Structures are given as C-alpha cells and as structure tokens.
Amino acid sequence: MATKLAFRGTNRRTDDAGVTRYEVFRDGVLLRKTPVNYLIDTQLSPNTRYSYLIKAYDGSDNASAGAEVTAATLGSDPSDAILNGSFEFSPQISGWTTDAFSVSAAEFTWEPLGSGRDGSRCVSIEASSLNDAAWMQTVNGLHPGETYWLTGWIRGQDVVREPGRNTGANICLEGTWSHAPDYLDGTFDWRQASFSFVAPPSGTVTIGCRLGYWSNTTRGKVWFDDLAILQPSELRFDRARMAGNTWLRLVLFTPPGHRYRIEKSADLVAWTEVQTLNPVHPISEIQDATIPASRCFYRAVQIDGL
Ligand SMILES: [Ca+2]
134 MATKLAFRGT
144 NRRTDDAGVT
154 RYEVFRDGVL
164 LRKTPVNYLI
174 DTQLSPNTRY
184 SYLIKAYDGS
194 DNASAGAEVT
204 AATLGSDPSD
214 AILNGSFEFS
224 PQISGWTTDA
234 FSVSAAEFTW
244 EPLGSGRDGS
254 RCVSIEASSL
264 NDAAWMQTVN
274 GLHPGETYWL
284 TGWIRGQDVV
294 REPGRNTGAN
304 ICLEGTWSHA
314 PDYLDGTFDW
324 RQASFSFVAP
334 PSGTVTIGCR
344 LGYWSNTTRG
354 KVWFDDLAIL
364 QPSELRFDRA
374 RMAGNTWLRL
384 VLFTPPGHRY
394 RIEKSADLVA
404 WTEVQTLNPV
414 HPISEIQDAT
424 IPASRCFYRA
434 VQIDGL
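For the sequence shown, this note's numbering begins at 134 and goes up steadily by one.
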C-alpha cells in the first residue's frame, strides 16, 4: 500500500542558504508549510499520479520559483507497506521511531554504508545492560482479517538473554506477542526471520525490530535490514541481480509450506535443476553460478507431493 511519499526539497538558486520555510502544494492545493526540507505525505491513494510544487522562502518572505515533482503511487502491493524497510535513507524521516525499557542503556544507530546487507545501510541497537529496545514503524492500510508475513534480516554480536528467558533478538508486532519464533542470541551473521499474522480490524500494526521483549530482557548489539510485509499468495521471481562477475542472485516470493524445484535453461527446452527449496520464509534468495555474457532462463516448479 504505497500511501506514503518522502522527498527532499532543495532550492537550487540559493542552495538552501537563508531558507526559513518551505511550502508544499499537492495538485495546486497548499498541503503544508514546513521548516524542514522533507515531507511525508500519507494521504495518498493507490495507482494515482500526484503533482507537487515546492517553494522555498527566505526570512524576508521572498519565494523561490518553485520546484515541481510528479509522483505516482503503486497498486496495493503490501510489500510497499513498510516505508524505507531497507534503511537506505534516514529512518527518522521515514516513520521509524525508537523506544526502550531503559532508554539510557540503549543506543540506536543508523549505520553507514557497508554495515547493511550487500554493502548497504541498516540500523542497529546496542544495549549495554539487559533491556527491551526497538526500532518501530506504524503501518496502515492492511486488509483486516487477511494473513500477512513480516520478514526481515538480523545480525547479532554478543547477544545475551535474561537467564531462562526466550526471545533475544527478534522482529515483532509491538503491543502483541506476535514475533519471529527464532530465539537469536550469541554472535551470528545476517539471518532471515519471519512470521505470519492476521491483520487486525484497524488494518494498522506497529512493527518492531527488537532486542528483548517484555520480561525477556536482552543485551548486546543487533543490526536489522530489509524489513518487509508480504502476502505471498503466489510464486513469483521478484529481482535478479549479479553478485560479482559470476554469481546471479534471484529473489523468489513464495507462500511458505510448499516445496519448489528451481530450474534453469539456455534454450527454454532442456531444463536442469539448480536446487530444491522448502522455504520457511516468504522471501527466498537463490544463488547460481553463471557464465559471463551468456543468457539463461530460470523457473520455479512447485513439487508438492511429487
Ligand atoms: Ca539496507
């Protein structure tokens, strides 16, 4: 549900020097006056094109000519429900907030390039003593009663759970006991965590990237990346890209609970198996060695009961 838009306004003429406020118009109507050079517009409909005009004012009330931005929202694909789930731009301007049971013992960081998955950015929580701390985002527009999956990636360093307690590093729905089933502690590289949930009557949930839980306090450092809410009702390839010169990485959306055989072909006639999958997550990443400058087709075949 792409109902949020974030952008930065800059005044090319003065390079923002002396700008004291911006006025943002949507389709000719004043939307907001703001002193900051970004805006998140949450009142958008899917599959709609919007035109924004941004004017910058200095302290003497002189207006710039205005910069125009046109943006189109996407359909109601729930994978867009989380804004900036990969943390490539500032979490603070994209609806992410932080909270902790012991605020003084939690450090929240938007980590630099190279710290996230595949050299990207991510966020982290470092708790110096047993704590329950989270990065959170409220997500609207889910269809009440329908089943969704929350998925994300977690890395940990020296994560220690309260003795006899469970959750450790996790992703969750804040205010509920819905969380990824893995009890992650110790030191571990990026690993995927997922769980399914039913959207409440409000269609609104608050997702959490969390270290600890109520009565399950935890300390250590955790990193989070690539959060997504999905409804994997059908099998589909989402992205393909090269990792280095020879490795192709494919991203597959799959309803968990089925077996799939990934196959490849050079001519769409003869198919060979790449691997068989029994995914527990709604997103699966498949790597395959390729020959540079060659063409190759991939397909996924559901093989339940074969
Ligand atoms: Ca990232």
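Just so you know, even glycine gets a beta-carbon here, dropped at the ideal spot from N, CA and C.
Everything numeric in this text was worked out from a predicted model, so none of it was measured.
| Query | Result |
| --- | --- |
| Helix, strand or coil at I215 according to DSSP, with G and I counted as helix | coil |
| Cβ-Cβ distance between A326 and T379 below 9 angstroms | no |
| Per-residue burial, H414 [other beta carbons within 10 Å of its own, 16 or more giving buried] | buried |
| Alpha-carbon spacing of R432 relative to P388, whole angstroms | 16 angstroms |
| Per DSSP, cross-strand counterpart(s) of Q290 | K354 |
| Ligand 1 heavy atom lying under 8 angstroms from the CB of E396 | no |
| Assigned secondary structure, D251 (DSSP; H/G/I helix, E/B strand, else coil) | helix |
| Through-space distance from Q176 to W229, alpha-carbon basis | 18 angstroms |
| Residue range of the beta strand (DSSP E) that includes G341 | 338-344 |
| Exposure of H451, with buried meaning 16 or more beta-carbon neighbours within 10 Å | Shown here, the chain extends from 134 to 439; a query on residue 451 therefore has no answer. |
| Status (buried if at least 16 other CB within 10 Å, exposed otherwise) for P450 | In the structure as shown, the chain begins at 134 and stops at 439. Residue 450 is therefore absent and cannot be evaluated. |
| C-beta atoms of I287 and F357 nearer than 9 angstroms | yes |
| Three CB pairs or more closer than 8 angstroms across the segment 341-356 and the segment 262-272 | yes |
| Other residues of its chain near D232: CB distance less than 8 angstroms, five sequence neighbours each side excluded | A266, A267, M269 |
| Residues near E221 in its chain [Cβ-Cβ closer than 7 angstroms; skip 5 each side] | S253, R254 |
| Beta-carbon gap between R374 and A399 smaller than 9 angstroms | no |
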